[in-house]
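Below is one structure, written out as structure tokens, with a few remarks after it.
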Amino acid sequence: MKNIIMAALSLLGASSAFAYININTANVNELAKLPGIGLSKAAAIVAYRNQNGLFKSLDELKNVKGIGERIINRLREEATVGAVAEYF
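When we follow our numbering, the leftmost residue of the sequence shown carries the number 627, and every step to the right adds one.
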């Protein structure tokens, strides 16, 4: 049974399905792969991060020009702020 599940997951591309992009460490090109984020918004995220420090939550992305609640909700399945949230 375990082999069947593993085979099914590999066919579905499970390795990429579980790989969250960390918005605190990702570069512009990595961020641009996220839904609703192109190169322009990705550059704005990196600029905001460089000026204000690490993001404590995805909700903080509201402070980046061009990113609203709708985009943030789409990102929840694919992005993370990493372990930094534990320290704040």
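No residue lacks a Cβ here, since even glycine has one placed at the ideal position from N, Cα and C.
About 14 Å separates the beta carbon of Y674 from that of N653, a gap too long to meet the 8 Å contact definition. Listed as beta-bridge partners of N653 by DSSP are no residues whatsoever.
In this structure, G708 and N655 do not form a Cβ contact; the two beta carbons are roughly 18 Å apart against a cut-off of 8 Å. Listed as beta-bridge partners of A705 by DSSP are I647. In this structure A645 is exposed. Its beta-carbon is surrounded by fewer than 16 other beta-carbon atoms within 10 angstroms.
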